[in-house]
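Single-structure report; data block below.
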Amino acid sequence: MSSALPSPAVRELIRQCAQIVVNARPEWLDELDASVLAASPTIAADPELAAAVSRSNRANLFFWGTANIRDPGAPVPPNTGPEPLTIAREVVRRGLDAYSLDAYRVGEAVAWRRLMEIAFELTSDPAELHELLDVCSRSISSFIDATLAGIAAQIDAERDELTRGTHAERRETVALLLD
Numbered sequence: 216m217s218s219a220l221p222s223p224a225v226r227e228l229i230r231q232c233a234q235i236v237v238n239a240r241p242e243w244l245d246e247l248d249a250s251v252l253a254a255s256p257t258i259a260a261d262p263e264l265a266a267a268v269s270r271s272n273r274a275n276l277f278f279w280g281t282a283n284i285r286d287p288g289a290p291v292p293p294n295t296g297p298e299p300l301t302i303a304r305e306v307v308r309r310g311l312d313a314y315s316l317d318a319y320r321v322g323e324a325v326a327w328r329r330l331m332e333i334a335f336e337l338t339s340d341p342a343e344l345h346e347l348l349d350v351c352s353r354s355i356s357s358f359i360d361a362t363l364a365g366i367a368a369q370i371d372a373e374r375d376e377l378t379r380g381t382h383a384e385r386r387e388t389v390a391l392l393l394d
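When we follow the working numbering, the leftmost residue of the sequence shown carries the number 216, and every step to the right adds one.
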């Protein structure tokens, strides 16, 4: 994302959008969860994993929103907090592949549609709207890309630990005891 910040008027619009996102209506969150889970039947079939995805959805919305309340239009760092990293651990524990993370893109699309609705409610000025949507589109995309990269790195680390670390040694010991 470009390092140049948007105009002061658009920064204020981004801050207002972000405040609405942080205080998302329950029906928006329900739509987000339903869409994400519909895109990943494997995750939806596992209540524990589905709940973790729901928590991660909310954490990502809150993370992006609070970053844009603090510094509207500035790059948002990846969310590598406990919720997304729990997803990484659970994906590895359940033997799922990283394609399960494609559901994040569905969540991104749902959030983007909601943000566009908010933007059109906040301004009808074509220039402001153009800048607002451009900045937010790049911000959300960069945020999700970076968050997914962080989760993928954690998945690799978890897999490595599972196959080479103490878990693998324990499995080997148990296998020897059973033989």
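Where is the CB? At the ideal position from N, CA and C, for every residue including glycine. No experiment lies behind these values; they were computed from the predicted model shown.
Do Ser271 and Glu298 have their C-beta atoms closer together than 8 Å?
Their beta carbons are under 8 Å apart, which means Ser271 touches Glu298 by this criterion.
Please give the ranges of any alpha helix (DSSP H) in the stretch 315 to 384, keeping only runs that are unbroken, at least 4 residues long and fully inside the region.
The stretch 315 to 384 contains these whole alpha helix (DSSP H) runs: 318 to 337 and 341 to 379.
As assigned by DSSP and simplified to three states, the class of Pro223:
Judged by DSSP in its simplified three-state form, Pro223 adopts helix.
Hey, Ala267 and Ile235 are a contact pair by Cβ (cut 8 Å); roughly how many whole angstroms apart?
Actually they are not in contact, since the Cβ atoms of Ala267 and Ile235 sit about 25 Å apart, beyond 8 Å.
Unbroken stretches of the alpha helix (DSSP H), 4 residues or longer, contained in the stretch 229 to 277:
As for any alpha helix (DSSP H) of minimum length 4 sitting wholly inside the stretch 229 to 277, the runs are 241 to 254 and 256 to 259, ordered along the chain.
Note the first and the last residue of the continuous alpha helix (DSSP H) segment covering Leu300.
Looking at the DSSP string, the run of the alpha helix (DSSP H) that includes Leu300 is Pro297 to Arg308.
For a test of the three-state rule: what should DSSP assign to Asn294, helix, strand or coil?
In the structure shown, Asn294 sits in coil (DSSP, three-state: anything other than H, G, I, E or B).
Check whether the stretch 242 to 256 touches the stretch 364 to 372, counting contact only when three or more Cβ pairs, one atom from each stretch, lie closer than 8 Å.
These segments do not touch.
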